[in-house]
Ligand SMILES: CC(C)(COP(=O)(O)OP(=O)(O)OC[C@H]1O[C@@H](n2cnc3c(N)ncnc32)[C@H](O)[C@@H]1OP(=O)(O)O)[C@@H](O)C(=O)NCCC(=O)NCCS
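In my numbering, the protein residues as written are 68 to 515.
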């Protein structure tokens, strides 16, 4: 009996040890199923891959916009009319005043070129050269303004296009003047007794200045970096994008924005705040879409197209402004050609002359606000200062965001200022334009 119980005990011990061995082996194979760890969505976990969520956002965006698109089509029918698109640019198909204005701008380019030639040869003094430049640059801004204000056959869009070309020319010729002057100063500093720079005379030729005029930059240089060849595939892709995106913008304007703007006039006239806010938020979506498409169309497709065609090497037309956590970062990165010009020809010269940082920044934003207002008010033939104030408001906004908001909150504030700030200005101008110019228009009266 005793022997039996010993045998049973031994058998039990053997079974237990075998079971433990099996458990240990299984443990070794599978590992422990729990460990100290945070949930993925908790900020303490180092998990950062949200690609799936981004895709979900895109799917939701496409679905909700498809619904909006269908609803818009069912309610309004097709509103995009090619004749209306052409009439945005031309009142009379046989009269092209905006195009004529652009052709006349060649006169100012030639004045700048001949002034520089005379300065390089020493035929005129620096003072006389400066006076000619001041005159030339002032006329560049005033002449198209007077024409657009007086010539009623120019449409607002045609006027804005012509003024845009003249503004770009103003900034380019200002840079041309500065760089040539810096070059003359450097040559004179190196060899003060040397005769006037004859070789510079040969640099100052038509092809050089016209290359700069057409190049996608506002800052002149004697030797621009050049790419080796024109890539046909790249060029055709950009051309396709340009036509595709511009037609997208026109469709959104006619099909989506115009109906909302028309239906906003009554609440605006009656100062019905709740309906005004609702219309503003409705307008914010197509307005923002247009702005984003415009950004890609202009800064990526069009500028790269022109750069490729001219083998212009520096393709940094924008940086990652979409990650801006401050307003300052946004203005440093969204429009690189203008930002570079501001730094090189306005901001740094002001700092070098002893102006403070805040004063210099305010001066740059003041000049930018002036040009924004110039490009909107003159073609619309009414002066309301909404664009000017919108630009000047960037300074206190930049201070507020930098002072109180950080990281993602700062980024959200930048997006919000873009999404909401612009449609406020658009609504203000459109309202004022309709009140001053088209109140008796039967189609608008019908919409009201
Ligand atoms: C005003 C503006 C030019 C300021 O630019 P910023 O980059 O914030 O200016 P910062 O003070 O950071 O300095 C910029 C440069 O000046 C230099 N700088 C700063 N203080 C200086 C001083 N006291 N002396 C000399 N240089 C100085 C910096 O070193 C820096 O040089 P870097 O570019 O070689 O690095 C910019 O906000 C701007 O471009 N605003 C207008 C944008 C606009 O209207 N765009 C229109 C788009 S539609």
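The C-beta atom is built at its ideal place from N, Cα and C for all residues, glycine as well.
In this structure, the beta-carbon distance from residue 319 to residue 350 does not fall below 8 Å. For residue 346, the enclosing alpha helix (DSSP H) stretches over residues 340–362.
Residue 395 has its CB nearer than 7 Å to a heavy atom of ligand 1. Residue pairing by DSSP places residue 175 in no beta bridge whatsoever. Within the same chain, 285, 286, 287, 408, 412 come within 7 Å of residue 242 by CB-CB distance, once the 5 residues on both sides are set aside.
Within the DSSP secondary-structure output, residue 199 pairs in no beta bridge.
Distance from the C-beta of residue 424 to the nearest heavy atom of ligand 1 is below 7 Å.
Per DSSP, reduced to three states, the secondary structure at residue 114 is coil, with no helix or strand assignment. Distance from the CA atom of residue 362 to the CA atom of residue 143, rounded to whole angstroms, is 28 Å. In this structure, the alpha-carbon of residue 160 lies about 16 Å from that of residue 223. Closest in alpha carbon position to residue 274, among 176, 360, 447, 410, is 176.
Beta-bridge partners of residue 221 (DSSP): 157. Between residue 179 and residue 377, the alpha-carbon positions lie close to 22 Å from each other. When the alpha-carbon of residue 164 is set against those of 194, 192, 119, 212, the nearest one is in 212. Secondary structure of residue 448 (DSSP, three-state): coil.
Relative to ligand 1, the beta carbon of residue 402 is positioned inside 7 Å of a heavy atom. In the DSSP assignment, the residues bridged to residue 379 are 293. Positions of the alpha helix (DSSP H) runs, each at least 4 residues long and wholly inside the segment 293–342, are given as 299–319, 325–337 in order along the chain.
At the C-beta level, residue 496 and residue 451 come within 8 Å of one another.
One alpha carbon belongs to residue 239, the other to residue 257, and they sit about 27 Å apart.
The straight-line gap separating the alpha-carbon atoms of residue 348 and residue 490 is approximately 8 Å. Of the heavy atoms belonging to ligand 1, none sits nearer than 7 Å to the Cβ of residue 101.
Annotation for residue 418: 424, 427 place their beta carbon closer than 8 Å to its own, counting only its chain and skipping 5 residues before and after. Inter-residue distance for residue 209 and residue 167 is about 16 Å (C-alpha atoms, whole angstroms). Look at residue 213: its beta carbon is at least 7 Å from all of the heavy atoms in ligand 1. Contact check between the segment 319–334 and the segment 276–284: fewer than three CB pairs, one atom from each, fall below 8 Å, which does not count as touching. For the pair residue 296 and residue 231, the Cα-to-Cα distance works out to about 30 Å. In chain order, 305, 308, 309, 312 place their CB closer than 7 Å to the CB of residue 368, counting only its own chain and leaving out the 5 sequence neighbours on each side. The nearest non-hydrogen atom of ligand 1 is less than 7 Å from the C-beta of residue 415. Judged by beta-carbon spacing, residue 172 lies beyond the 8 Å limit of residue 216, meaning their Cβ atoms are not closer than that value.
Non-local C-beta neighbours of residue 384 in its own chain, meaning closer than 6 Å and more than five positions away in sequence, comprise 366, 370, 403, ordered along the chain. Here residue 283 is actually not in contact with residue 169; their C-beta atoms are around 17 Å apart, not less than 8 Å. Annotation: residue 290 to residue 492 spans about 41 Å, alpha carbon to alpha carbon.
The DSSP-derived three-state label of residue 107 is coil.
DSSP places residue 388 outside any alpha helix (DSSP H), giving it a letter other than H or E.
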